[in-house]
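Here is the structure we will look at.
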Amino acid sequence: MMQLDSLVDAVRTAYAQRLPLRVRGAGSKDFYGGMLAGDVLEVGGYRGIVAYEPTELYLTARCGTPLTEIEDALAEQGQMLAFEPPRFGVATLGGCVAAGLSGPRRQQAGAVRDFVLGAKLIDGTGQALNFGGQVMKNVAGYDVSRLLAGSLGTLGLIAEVTLKVLPRPVAEQTLLFEFDEAEAIARLNAWGAQPLPVSASFWHEGRLALRLSGAAAAVEAACRRLGGTPLEAADAFWHSVREQSHAAFSASVLWRLALPSTAVEPGLDGLVAIEWGGALRWYAGEQGAIRGAASRLGGHAVLYRAPESLRCLEGAFTALPPAMLALHRRLKKAFDPKGIFNPGRLYAEL
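The numbering of the sequence shown is our numbering, which starts it at 5 and goes up by one.
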């Protein structure tokens, strides 16, 4: 098995020679973010669960550990990664945290960053730094471990991560409804304001799937109250949403819009899906006005997947305001003074 020292040595060599590094676990999210640059530093061999305390609800594992291995261990104890990260077959823990992508249950449970308790980071000089702890009360001061979620590896090599885990729900049921876009958004917001055990929602082509999770009595009561049609093979359906193998995600150009859940139609064509109670909208195709439309509604747009030529032209993420860009640069300089980690992966300026 790969040792931590070998990763430290590789980073120190790159630092000394100012060689850019592209940190890679399994490469399952190479499509996401800016252009890939630098010599590949494979970290998939640095793997394995370091500590797992089911009674304390935390797990620590190395960056190259496959998510499937982690989730198999959790399942044996009736527990789960509540933010349901996409696995894309081979995804690793380090890539999961670096990308910061959460799945369908995010609307109820929270995002990746909400479950990161601690991390071991190899910074741009080759120092191994520890942040956070194993329980929420140990997280004090600057919450660097959570800052790593969504950083796309630009602040350092995420070597180990400690995650909060949760028990699996006792009962689950998925209901189907026939609604157009406007009605689906209205219903999702109305239900979100009520004490209902909604753990996921997904609208596509006039059909809204609503997953209820929790105590058996609560799920049964919600089903009676809401009506709808029970969905057969619900586990397979939510797996297709989580892994983005559902037909809604098939376009070669796919935009991901984070919006206020009540936001009305932004006047764009190509809507293919609505998730997270209305707060996540997916659009397909080239959309020249999409970032402006998202901004006017109080949100932002990410070019989630696209051919390389379009990614070069558009950039994956909305440009930062000057003050925010200055803050990002200060963080980058503090953790990676020579800019060797994943240059341009998050923003061209970093």
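Idealized CB from N, CA, C, for every residue including glycine. Keep in mind the model is a prediction, meaning the values are calculated, not measured.
DSSP places N346 in no alpha helix (DSSP H); its state is neither H nor E. Annotation: the continuous alpha helix (DSSP H) that includes R228 extends over 220-230. Excluding sequence positions up to five before and after Y287, its CB lies within less than 7 Å of the CB of W259, L261, L272, G274, L275, V276, I294, all in the same chain and listed in chain order.
By a beta-carbon distance limit of 8 Å, S32 contacts F92. Their separation comes to about 4 Å.
Shown here for R315: same chain residues with a beta carbon closer than 8 Å to its own, the five before and five after excluded, namely G38, M39, L307 in chain order.
Ranked by how close their Cα comes to the Cα of A175, the residues R66, T233, V44, D239 have D239 in first place. Taking C-beta separations shorter than 6 Å and ignoring five residues to either side along the sequence, the partners of H208 in its chain run A252, A277, following chain order.
In the three-state reduction of the DSSP assignment, M5 falls in the coil class, being assigned neither a helical nor a strand state. A straight-line Cα-Cα distance of about 6 Å links V223 and S217. With fewer than 16 neighbouring CB atoms inside 10 Å of its own CB, E60 falls in the exposed class.
Contact between the segment 67-74 and the segment 50-59 is present, with at least three C-beta pairs closer than 8 Å.
Straight through space, the alpha carbons of E279 and Q177 are spaced by roughly 17 Å.
With distances taken between CA atoms, G114 lies nearest to A153 out of N346, A153, N193. For A95, the three-state secondary structure derived from DSSP is coil.
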